[in-house]
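Note sheet for the following structure.
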Amino acid sequence: KNMLKKNYTQKKSKIIINSAGLHAKKGLKPHEIIQHAAKLNNFSLNNYRSKIFSYYSGKKSNVILTMEKWQKDEIINKFPVFKNKVYLITEFLWHGDDYEIKDITDPTGSNTDQYKLFLDTVHNEADRILHELSRKGIIL
């Protein structure tokens, strides 16, 4: 979320990004390791607090992106009305082969190399999605 805002400041007025968890506890700060990883990438999570995904958060969203398939499936099972707007991050606006669509595994509890791989993947996917949104004229 913050990486998108930081790297695409000219576009952020057209994009509102919210983050919510399916099994999150409302109001918690991110884990210290997550905050450290964010700081290494020049953004702060000091003001971020966890939120729980709800019908309301899904209703106000144009698109719902999930990192893992189980998250997508759970949202669709719980809120079938959102079926046509829930995607894995790697499948949203993807034009390649389906076998390349994969989960982005949550690195919580992993080692530094796994966090780096996670951040690289998320950065690449954010760039790809923003490029596609720009190509389609959705953002300038």
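Residue numbers (my numbering): 1 to 140. All residues carry an ideal CB built from backbone N, CA and C; glycine is no exception. No experiment lies behind these values; they were computed from the predicted model shown.
{"query": "Three-state class that DSSP yields for I76 in the structure shown", "result": "helix"}
{"query": "Element boundaries [beta strand (DSSP E), containing L28]", "result": "Counting along the chain, L28 falls outside any beta strand (DSSP E), and DSSP gives it neither H nor E."}
{"query": "Buried or exposed (CB count within 10 angstroms, at least 16 for buried), V63", "result": "exposed"}
{"query": "Sub-9 angstroms separation of K72 and Y87 beta-carbons", "result": "yes"}
{"query": "For S50, the nearest candidate out of E32, G27, E125 (CA to CA)", "result": "G27"}
{"query": "Closest by C-alpha distance to F82, when choosing among L40, G96, I89, K60", "result": "K60"}
{"query": "Residue range of the unbroken alpha helix (DSSP H) whose run includes I129", "result": "112-135"}
{"query": "Own chain partners of I75 with C-beta closer than 8 angstroms, once the 5 adjacent residues on each side are dropped", "result": "L22, F53, G58, I64, T66, F82, V86"}
{"query": "Euclidean distance between Cα positions of L119 and D98", "result": "22 angstroms"}
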